[in-house]
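Scroll down for the structure; my scribbles are underneath it.
In the numbering used here, the protein residues as written are -14 to 111.
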């Protein structure tokens, strides 16, 4: 499609089936893109969406929220430390890439070795 939005997502947006979207941020991006495509004011569409989400989530009974938090707490308990990780359904979980960590450490070590070698060469030259 011209928008880069999957046809199924456009149908769900037009049908008002926002419950079929698991990622609220992706839905928000789709709405903004689709609003621009239709010649609507994307800021106004996003404001309406945010208002709707506030209305929708404020009507969820507190007991249901507590049950959801307890369920997530039980399933997402960290094995190593026993700490509890509570995750908001509106936030994307941060995925850490262990390879990137090791590459960064290697770059720092190589830079330190290079600095020491340059310093040593200058000391010998003096």
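Where is the CB? At the ideal position from N, CA and C, for every residue including glycine. Quick caveat, the model's predicted, so the values are computed rather than measured.
If you draw a straight line from the Cα of residue 16 to the Cα of residue -1, it is about 10 Å long. Collapsing the DSSP output to three states places residue 11 in a helix. Going by C-alpha positions, residue 34 is about 49 Å away from residue 95. Here the C-alpha atom of residue -11 lies approximately 36 Å from the C-alpha atom of residue 56.
Separation of residue 44 and residue 91 (C-alpha to C-alpha, rounded to the nearest whole angstrom) is 51 Å.
Take the alpha-carbon of residue 25 and the one of residue 19: they are about 8 Å apart. Taking all protein chains shown into account, residue -6 has 16 or more neighbouring C-beta atoms within 10 Å of its C-beta and is therefore buried.
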